[in-house]
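Step one of this worksheet: look at the structure below.
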DNA sequence: GGACGAAATGTCAACGCTGTCTGTCGATGT
DNA sequence: ACATCGACAGACAGCGTTGACATTTCGTCC
């Protein structure tokens, strides 16, 4: 393959017999150029396959603002990629492009990746915070790059944020189980020490407390090691003496793990189950879930970013997106009084 | 929020009392600068929150080659995002960043989006082709931007490509069903008129032909309208007179649709099912699938791109990635002789 | 002691583009 | 006939950085 040189304004100008400035004008303020000149320039440009160099253009204009960064845990996770999808759609419709970077859900990853992304001049940065502290972004924010925290608020950083109504979703789900007569309700999550989970857990505990159940620690399994499959915690919980009659799982991974355990135990519909996060085959499996619209989460975040880019000095905003329950069967099971030791 | 000015080499140089070139050197060829000078410069840079401007840098160096574009159908699809995930990982480990753009699986979308992405100077372009013709990329390729076609070969364009062994996977799956005694084997897919599906369909027909089944059109449902849920085609096929005893579904959407239909019909394990593409809960549901490694597909594509960037003049390569069958139950059912009209 | 070379730093121009300013030319008005 | 003006095109500089080359400094060697 022969590689040919990329044409510049100058080349086009020479071919069209005008100055380079005129060519530039054709590509920016076309109305200031005489029609026949425009035509001549365009013909020359086409012949040379000329395309204005956006690098040079943004250097001249100061900062490339049409690329937006998104730092997330891992593209290989339905939640994250759906958020990214919603975001990409919204951004594309406004002429922005999306650069993605993943942290592998580790705090070190986050700062490293952020550093790399910020190297490029970004119009804005969206991030699903993992680390305990985002103050390292303070400098960049100060330089005018809007930062939008998604799913979890940023810590030690003034930033717009958009989160889910985690507490409310789990509170309602738990209340429904309580209304149906369940008292021994389990809660399993992994990881547990992130904002979303602590909110969800709070929802669970608050609902229980409203029904007089104060110490639920016996039915909680709060893990923090993603290398251990959630299955184990669920199996452990269901195997204990006064096993719960209902189970709430803190995210889709745990829900799927729970399904696996219930199948293996031939539980056969005795244990009620409500999972946080919807997933592809939840309807086929009849699983009741606490859901929300991840595409909308991404879309709204993108919208927030675009708004903030227009008005960098405005007040930061904290939005939260509704969650709701989709009843499909597993969550509507009554408590089964099985024989316990 | 007060927005402060971004520091330049010049600012740092002034503060550190050296020339801007020395500051530049500190950030590029540090070994050429005296240790104490380096220290002084770094201190100044830190104080001013200086970060070299990559725009200016790449303008000077000619072309920004550390951003790779990926054009895919829709991020909101497990297949695409897993490919993207594998890609992102590989690229990140080599210091590249990934810009994603989606076409909504339409040909017009593809060219529009490609045009927009190519506006930025990309190091390489990866694309899952949708349109019938990628010759519009010829110009860019000629200017030295490597183009890698993923999942489907590019048409009318010289490009590296990496695809799956679609034919072989379906051929084997069909053969296994035939070996188990199935003769009426259905094939459902939507869309049908894309490279991957025509390959898969060929695998299905070739396997049947090897067993003497020549005209299988009675059991084929090849649709091309994504707005119609696959459920309908499956239901239609299973409802016909000599309904198939086994079903092969051309992608995960159809597989999940088929599961829904089988559940609704209380089919109860009578119809065998093998689906192309694995999915999250396939193990819970016991679904036999033809699978492959989508992360590896992305990773290999990224590798190919990186290689091609180093050697733009080399011979283009066509790779194909293995597919294999994971038996989980639904594919191992024997033909059930139900009463047919 | 002066020539020499290596190390450290500096000067300058250029990457491709666009904002600002200036210049040209023909048309218009009096 | 001449001043005036609008429409258009060009000259120039500079965005922030770096490669090529120049310069300075200093230790070393005969």
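Chains as they are written, first to last, in my numbering: chain A, 1 to 341; chain B, 1001 to 1341.
For each residue, glycine too, the CB sits at the ideal point set by N, CA and C.
Just so you know, these numbers come straight off a predicted model, no measurement behind them.
Between the CA atoms of residue j and residue i - distance to the nearest angstrom
i, j, result
"residue 1309 of chain B", "residue 1158 of chain B", "15 Å"
"residue 1263 of chain B", "residue 327 of chain A", "18 Å"
"residue 1265 of chain B", "residue 1223 of chain B", "22 Å"
"residue 1277 of chain B", "residue 1172 of chain B", "14 Å"
"residue 88 of chain A", "residue 1220 of chain B", "36 Å"
"residue 81 of chain A", "residue 1211 of chain B", "43 Å"
"residue 59 of chain A", "residue 30 of chain A", "21 Å"
"residue 1117 of chain B", "residue 1007 of chain B", "29 Å"
"residue 1284 of chain B", "residue 261 of chain A", "9 Å"
"residue 1086 of chain B", "residue 168 of chain A", "35 Å"
"residue 186 of chain A", "residue 295 of chain A", "29 Å"
"residue 273 of chain A", "residue 1176 of chain B", "37 Å"
"residue 1012 of chain B", "residue 1061 of chain B", "21 Å"
"residue 256 of chain A", "residue 1078 of chain B", "16 Å"
"residue 282 of chain A", "residue 292 of chain A", "14 Å"
"residue 1234 of chain B", "residue 244 of chain A", "39 Å"
"residue 100 of chain A", "residue 84 of chain A", "8 Å"
"residue 1311 of chain B", "residue 4 of chain A", "15 Å"
"residue 1335 of chain B", "residue 1240 of chain B", "16 Å"
"residue 1033 of chain B", "residue 143 of chain A", "29 Å"
"residue 1023 of chain B", "residue 1047 of chain B", "14 Å"
"residue 1191 of chain B", "residue 199 of chain A", "42 Å"
"residue 66 of chain A", "residue 1014 of chain B", "31 Å"
"residue 1213 of chain B", "residue 1180 of chain B", "15 Å"
"residue 1152 of chain B", "residue 71 of chain A", "29 Å"
"residue 112 of chain A", "residue 1184 of chain B", "56 Å"
"residue 1104 of chain B", "residue 1073 of chain B", "5 Å"
"residue 1044 of chain B", "residue 138 of chain A", "18 Å"
"residue 75 of chain A", "residue 304 of chain A", "22 Å"
Residue i versus the options, residue with shortest Cα-Cα distance
i, options, result
"residue 231 of chain A", "A/245, A/250 and A/218", "A/250"
"residue 1040 of chain B", "B/1092, B/1017 and B/1185", "B/1017"
"residue 1280 of chain B", "A/297, A/248 and A/259", "A/259"
"residue 306 of chain A", "A/164, A/236, A/123 and A/143", "A/123"
"residue 1161 of chain B", "B/1286, B/1316, B/1331 and B/1217", "B/1316"
"residue 1115 of chain B", "A/95, A/120 and A/102", "A/95"
"residue 225 of chain A", "A/218, A/325, A/106 and A/200", "A/106"
"residue 154 of chain A", "A/127, A/176, A/322 and A/32", "A/127"
"residue 246 of chain A", "A/204, A/282 and A/229", "A/204"
"residue 1068 of chain B", "B/1090, B/1181 and B/1190", "B/1090"
"residue 193 of chain A", "A/129, A/216, A/256 and A/140", "A/129"
"residue 53 of chain A", "A/38, A/44 and A/27", "A/27"
"residue 1290 of chain B", "B/1325, B/1313, B/1321 and B/1233", "B/1325"
"residue 201 of chain A", "A/239, A/248 and A/242", "A/248"
"residue 55 of chain A", "A/215, A/70, A/22 and A/121", "A/121"
"residue 1301 of chain B", "B/1314, B/1318, B/1313 and B/1229", "B/1318"
"residue 1119 of chain B", "A/49, A/227 and A/138", "A/49"
"residue 313 of chain A", "A/136, A/323 and A/141", "A/141"
Element boundaries [alpha helix (DSSP H), containing residue i]
i, result
"residue 1037 of chain B", "1035 to 1047"
"residue 235 of chain A", "230 to 239"
"residue 331 of chain A", "First-last for residue 331 of chain A: undefined, no H or E at that position."
"residue 93 of chain A", "78 to 93"
For residue j and residue i, believed in contact at Cβ under 8 Å, the rounded distance
i, j, result
"residue 254 of chain A", "residue 188 of chain A", "5 Å"
"residue 1330 of chain B", "residue 1286 of chain B", "6 Å"
"residue 110 of chain A", "residue 131 of chain A", "5 Å"
"residue 333 of chain A", "residue 269 of chain A", "6 Å"
Residue i: contacting residues in chain B (beta-carbon distance under 7 Å)
i, result
"residue 81 of chain A", "1075 and 1081"
"residue 100 of chain A", "1088, 1098 and 1100"
"residue 4 of chain A", "1142 and 1143"
"residue 84 of chain A", "1075"
Contacts of residue i in chain B (Cβ-Cβ under 8 Å)
i, result
"residue 54 of chain A", "1119, 1120 and 1121"
"residue 263 of chain A", "1284"
"residue 260 of chain A", "1283 and 1284"
Partner residues on chain A for residue i, Cβ-Cβ distance less than 8 Å
i, result
"residue 1256 of chain B", "280, 281 and 284"
"residue 1139 of chain B", "49"
Closer than 7 Å at the beta carbon, the chain A residues around residue i
i, result
"residue 1058 of chain B", "55"
Span of the beta strand (DSSP E), counted from its first residue to its last, around residue i
i, result
"residue 350 of chain A", "Nothing can be reported for residue 350 of chain A, as the shown portion of chain A is limited to 1 through 341."
Chain-ordered neighbours of residue i on chain B, where CB pairs are closer than 9 Å
i, result
"residue 295 of chain A", "1076"
Check: residue i C-beta below 7 Å from any heavy atom of the ligand GTP
i, result
"residue 306 of chain A", "The ligand GTP is not part of the structure shown, which contains no ligands of any sort."
Interface partners of residue i on chain A, CB under 9 Å
i, result
"residue 1092 of chain B", "101, 102, 113 and 116"
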